[in-house]
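2 protein chains.
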Amino acid sequence: MTSWIEIPAASPFPANNLPYGIVSKDGGRRHVAVAIGDQVLSLAATANTGLLDDALRDEFGVVDRAIFDAPSLNPFLVKGFDVWHAVRVRLLELVADGSYEPALRSALVARSDVTVHLPVEVADYVDFYSFEEHAGNVGRLFRPNQPPLLPNWHRLPVGYHGRAGTIVVSGTDIVRPSGQRLVDGEPEYGPSLRLDIEAEVGFVVGTPSPQGSSVSTVDFERTVFGAVLVNDWSARDIQAFEYVPLGPFLGKSFATSISPWVVPLEALAAARVPAPAQDPVPADYLLPAGNAYDLSLAVDWNGSTVSRPPFAGMYWTAAQQLAHLTVNGASVRTGDLYASGTVSGPRPGGSGCFLELTWGGAEPVTLDDGSERVFLADGDTITITGTAPGADGTTIGFGEVTGTILPARG
Amino acid sequence: MTSWIEIPAASPFPANNLPYGIVSKDGGRRHVAVAIGDQVLSLAATANTGLLDDALRDEFGVVDRAIFDAPSLNPFLVKGFDVWHAVRVRLLELVADGSYEPALRSALVARSDVTVHLPVEVADYVDFYSFEEHAGNVGRLFRPNQPPLLPNWHRLPVGYHGRAGTIVVSGTDIVRPSGQRLVDGEPEYGPSLRLDIEAEVGFVVGTPSPQGSSVSTVDFERTVFGAVLVNDWSARDIQAFEYVPLGPFLGKSFATSISPWVVPLEALAAARVPAPAQDPVPADYLLPAGNAYDLSLAVDWNGSTVSRPPFAGMYWTAAQQLAHLTVNGASVRTGDLYASGTVSGPRPGGSGCFLELTWGGAEPVTLDDGSERVFLADGDTITITGTAPGADGTTIGFGEVTGTILPARG
Numbered sequence: 001m002t003s004w005i006e007i008p009a010a011s012p013f014p015a016n017n018l019p020y021g022i023v024s025k026d027g028g029r030r031h032v033a034v035a036i037g038d039q040v041l042s043l044a045a046t047a048n049t050g051l052l053d054d055a056l057r058d059e060f061g062v063v064d065r066a067i068f069d070a071p072s073l074n075p076f077l078v079k080g081f082d083v084w085h086a087v088r089v090r091l092l093e094l095v096a097d098g099s100y101e102p103a104l105r106s107a108l109v110a111r112s113d114v115t116v117h118l119p120v121e122v123a124d125y126v127d128f129y130s131f132e133e134h135a136g137n138v139g140r141l142f143r144p145n146q147p148p149l150l151p152n153w154h155r156l157p158v159g160y161h162g163r164a165g166t167i168v169v170s171g172t173d174i175v176r177p178s179g180q181r182l183v184d185g186e187p188e189y190g191p192s193l194r195l196d197i198e199a200e201v202g203f204v205v206g207t208p209s210p211q212g213s214s215v216s217t218v219d220f221e222r223t224v225f226g227a228v229l230v231n232d233w234s235a236r237d238i239q240a241f242e243y244v245p246l247g248p249f250l251g252k253s254f255a256t257s258i259s260p261w262v263v264p265l266e267a268l269a270a271a272r273v274p275a276p277a278q279d280p281v282p283a284d285y286l287l288p289a290g291n292a293y294d295l296s297l298a299v300d301w302n303g304s305t306v307s308r309p310p311f312a313g314m315y316w317t318a319a320q321q322l323a324h325l326t327v328n329g330a331s332v333r334t335g336d337l338y339a340s341g342t343v344s345g346p347r348p349g350g351s352g353c354f355l356e357l358t359w360g361g362a363e364p365v366t367l368d369d370g371s372e373r374v375f376l377a378d379g380d381t382i383t384i385t386g387t388a389p390g391a392d393g394t395t396i397g398f399g400e401v402t403g404t405i406l407p408a409r410g
Numbered sequence: 001m002t003s004w005i006e007i008p009a010a011s012p013f014p015a016n017n018l019p020y021g022i023v024s025k026d027g028g029r030r031h032v033a034v035a036i037g038d039q040v041l042s043l044a045a046t047a048n049t050g051l052l053d054d055a056l057r058d059e060f061g062v063v064d065r066a067i068f069d070a071p072s073l074n075p076f077l078v079k080g081f082d083v084w085h086a087v088r089v090r091l092l093e094l095v096a097d098g099s100y101e102p103a104l105r106s107a108l109v110a111r112s113d114v115t116v117h118l119p120v121e122v123a124d125y126v127d128f129y130s131f132e133e134h135a136g137n138v139g140r141l142f143r144p145n146q147p148p149l150l151p152n153w154h155r156l157p158v159g160y161h162g163r164a165g166t167i168v169v170s171g172t173d174i175v176r177p178s179g180q181r182l183v184d185g186e187p188e189y190g191p192s193l194r195l196d197i198e199a200e201v202g203f204v205v206g207t208p209s210p211q212g213s214s215v216s217t218v219d220f221e222r223t224v225f226g227a228v229l230v231n232d233w234s235a236r237d238i239q240a241f242e243y244v245p246l247g248p249f250l251g252k253s254f255a256t257s258i259s260p261w262v263v264p265l266e267a268l269a270a271a272r273v274p275a276p277a278q279d280p281v282p283a284d285y286l287l288p289a290g291n292a293y294d295l296s297l298a299v300d301w302n303g304s305t306v307s308r309p310p311f312a313g314m315y316w317t318a319a320q321q322l323a324h325l326t327v328n329g330a331s332v333r334t335g336d337l338y339a340s341g342t343v344s345g346p347r348p349g350g351s352g353c354f355l356e357l358t359w360g361g362a363e364p365v366t367l368d369d370g371s372e373r374v375f376l377a378d379g380d381t382i383t384i385t386g387t388a389p390g391a392d393g394t395t396i397g398f399g400e401v402t403g404t405i406l407p408a409r410g
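If you're matching them up, the sequences are chains A and B in order. Mapping the first sequence onto UniProt numbering, position 128 (from 1) lands on 128, and the numbers just tick up by one. Mapping the second sequence onto UniProt numbering, position 395 (from 1) lands on 395, and the numbers just tick up by one.
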């Protein structure tokens, strides 16, 4: 589609993407914007023109323009699918039709002139483990004398709760964590020596569900608003010592980075592909499975692309993850984030973490500057990008999730 | 201490307890109150009299009375230790000195006339596993062919993240969860057949800490505001099938109940006792260990007291749990809740869960009505109470955490 807004050809943000984020300018108030080309369109300013009133009008005729004049997307997300859809349809009109340019020109700001913030006030954070290649590889590395996949893995989407309070927006520096890890077989306190990444895709819940009921797979698109890229930083040595029997804790909880732009599921409609076959047939509550998404990720280590994890092969769909998460009656809340698990295909080119890429540190990778790495060094920068096919041959970009490692503190 | 407010001799809420909660009356606005005897003293109303102004005045001379006219304790908790202390000192004066009765009489309401609500907007929820008896018993039952305690257990307080969004206040009914569990060795979906409790003590964080730094054990009392009783409902069959390798998930996430009254740590000063000896000596970041608390818990099953779990024997102190939680640079936020882990002593009389009490279901307990139980039946009510020694021979009560099991939903 065309737009009166100039959009560079290779932009991750064509006019049919319109991902949502939180921006501020010159230290001013945080508010909602969508990214388009090299600019952002302030939705706080757009709403003030009245041009979104029809999309925002509720069943009592009340228009709440203030939902975009907010420091997180949550007030918009809680409105539910019908409002998400109406606002998106209206925004697609507004950026396509040049007659709106006079009213909206001042609502546009260069993306380089704004600061992006954490887009969502995260309620609960769940991390799944739904890539067979990753789960198998981690099993082989962490539990070498046992079958790599446990009996539950093909029966349900294994997952666990992470720390919501340490989710940070792309660009935030990551302090190397310290903790207890085995050195020559003895636990010793110190900075992590095996600091890793996990390239994932995260799903942001908009519509809450009541406690004591569950969300069906078919309600996925009415419940989940959109998707972000996730880097679930992982200290493998701390994790290895602590994780039996209650799962990962300090090895993960120091920081999780997400991309600043939440891509609406509606912008990913053209990326829907059939989900992989599942054997055995899943329990009824996990059916219908829903679709996979054909996203392509790339992991850059100090500028060298070291892997391209393929997302479409995820064994359990995002709809199944949501249904599983709630089948016991657990509620979801607006702002819940659940992540796919490390996106991995055949190694090394498809590995979404360095544990797999370097086979537990045994096979170093060489970066473009000739230096070798097994895990992250202080000063290293990791940038994960992602794209999906959009309508009419366009490419929907996620924006990047990037972070640089700072030395451990005292 | 004496008070102009009438306090029954056996009340869990003597005049030196003053635990904080959120109440409403006749469907009105939720606000902060303290429990005293059979009544509650509205702090929203007390603040309106001006009698708390000196305690609330900040370094700029500003008095924010509105922190008590709020639907959670969070606005008060975020003010930090100096304000908690000043308000407590002032409240102790106000309830002791009869000259304040005319001003405050109308701020008192019978406890039976108010509804209690979730006292805290819970940020992140962490559940520890710090009772040696419990961890050993669970190990013996879940992993019969391995050493019951893993090498990490005496080195660090093992814990994991739970679901903050399904924490509910005492009195909330609990719908029996469904999920996949093994039946004759095969996974099958259905209502949990081994629904259990976990009697715990939870610590509520008031003062936030920045990401990338850690909280020392000596800062425990400036960081943690107070304590509640916790019932971490657990579906043992769902948990057993799902929990390897990432830990408990759906077996726990359907509901966690907490008592409505947050007892300030300052009210527990007389309950401080030396922490148990720790061997091996913990890592430096876990020292000094801080103190244990001599709390006594009782678990009632349909009115029959089935166990009295002793809290003072907790291997890792609450201060050590906090230090561990943050040693990797994870921040804490106002409203974070971390729980002790199942409080257990020698079985059966000291068991804080039915898995231990009935030895995995092998040894039924007989209730006072002659009926037998191994796990929870629909309609069963569990009530956990707790007390601690207070100053001058008084007894500090926690109020109860109670819940009734409803049948699984279709």
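Note that beta-carbon positions come from the ideal geometry of N, C-alpha and C, so glycine has one too.
Would residue i pass as an interface residue toward chain B - the criterion being a Cβ-Cβ separation below 8 angstroms?
i, result
"residue 459 (chain A)", "Since the first and last residues shown for chain A are 1 and 410, residue 459 (chain A) lies out of range."
"Q278 (chain A)", "no"
"D237 (chain A)", "no"
"G206 (chain A)", "no"
"N328 (chain A)", "yes"
Just the C-alpha distance for residue i and residue j, rounded to the nearest angstrom, thanks.
i, j, result
"E221 (chain A)", "V215 (chain A)", "11 angstroms"
"E93 (chain A)", "T358 (chain A)", "48 angstroms"
"K25 (chain B)", "V262 (chain B)", "19 angstroms"
"F398 (chain B)", "W233 (chain B)", "19 angstroms"
"R140 (chain B)", "F354 (chain B)", "15 angstroms"
"D368 (chain B)", "P310 (chain B)", "22 angstroms"
"L337 (chain B)", "Y189 (chain A)", "25 angstroms"
"V204 (chain B)", "S192 (chain B)", "30 angstroms"
"R90 (chain B)", "D58 (chain B)", "15 angstroms"
"W301 (chain B)", "P177 (chain B)", "19 angstroms"
"L77 (chain A)", "R373 (chain B)", "45 angstroms"
"M314 (chain A)", "P245 (chain B)", "19 angstroms"
"E101 (chain B)", "A292 (chain B)", "37 angstroms"
"T256 (chain A)", "G290 (chain A)", "27 angstroms"
"P75 (chain A)", "P208 (chain A)", "12 angstroms"
Going by beta carbon distance, what residues of the same chain come within less than 7 angstroms of residue i, once the five residues before and after it are set aside?
i, result
"W153 (chain B)", "A135"
"A96 (chain A)", "M1, T2, S3, A15"
"Q39 (chain A)", "I5, L108, V109, A110, R111"
"G345 (chain B)", "E133, P309, P310, G313"
What residues of chain B sit near residue i, judged by a beta carbon separation below 8 angstroms?
i, result
"E242 (chain A)", "N152, L156, V158"
"R333 (chain A)", "G165"
How about residue i: is its C-beta nearer than 8 angstroms to some C-beta of chain A?
i, result
"D284 (chain B)", "yes"
"F249 (chain B)", "yes"
"A319 (chain B)", "no"
"D232 (chain B)", "no"
"P245 (chain B)", "yes"
"D219 (chain B)", "no"
In chain order, what residues of the same chain lie with their CB nearer than 6 angstroms to the CB of residue i, ignoring the 5 residues before and after it?
i, result
"A34 (chain A)", "The displayed chain sequence assigns Val, not Ala, to residue 34 (chain A). Within the same chain, V34 (chain A) has close Cβ partners L18, Y20, L41."
"D69 (chain A)", "H31, A44"
Name, please, each residue of chain A whose Cβ falls closer than 9 angstroms to the Cβ of residue i.
i, result
"L141 (chain B)", "The premise fails here: L141 (chain B) is roughly 12 angstroms from chain A at the closest Cβ pair, so nothing lies under 9 angstroms."
Name the chain B residues whose beta carbon is nearer than 7 angstroms to that of residue i?
i, result
"P187 (chain A)", "R155"
"P177 (chain A)", "N328, G329"
"F254 (chain A)", "N328, G329, A330"
Which residues in chain A sit within 7 angstroms of residue i, going by Cβ to Cβ distance?
i, result
"Q180 (chain B)", "R155, L156, A283"
"G352 (chain B)", "The premise fails here: G352 (chain B) is roughly 16 angstroms from chain A at the closest Cβ pair, so nothing lies under 7 angstroms."
Could you name the residues of the same chain whose beta carbon sits closer than 8 angstroms to that of residue i, not counting the 5 residues immediately before and after it, in chain order?
i, result
"P264 (chain B)", "L18, P19, Y20, W84, R88, F225, G226"
Residues of chain A with CB under 8 angstroms from residue i, in chain order?
i, result
"Y315 (chain B)", "What Y315 (chain B) touches in chain A: nothing, since even the nearest Cβ is about 15 angstroms away."
What does residue i reach in chain B if we use C-beta pairs closer than 9 angstroms?
i, result
"S213 (chain A)", "V175, R409"
Inset, instruction - Kindly provide the ranges of any alpha helix (DSSP H) runs that are 4 or more residues long and lie completely inside the segment 235-284 of chain A, ordered along the chain. - result: 236-242, 250-253
Inset, instruction - Please specify which runs of the beta strand (DSSP E), each continuous and at least 3 residues long, are wholly inside the segment 187-243 of chain B, giving them in chain order. - result: 199-205, 224-231
Legend entry - alpha helix (DSSP H) runs contained entirely in the UniProt domain "Fumarylacetoacetase N-terminal" (16-119) of chain A, provided each spans 4 or more residues: 43-48, 53-56, 74-77, 81-96, 101-104
Legend entry - Contained beta strand (DSSP E) runs [length at least 3] in the segment 289-366 of chain A, N- to C-terminal order: 291-293, 296-301, 304-307, 337-339
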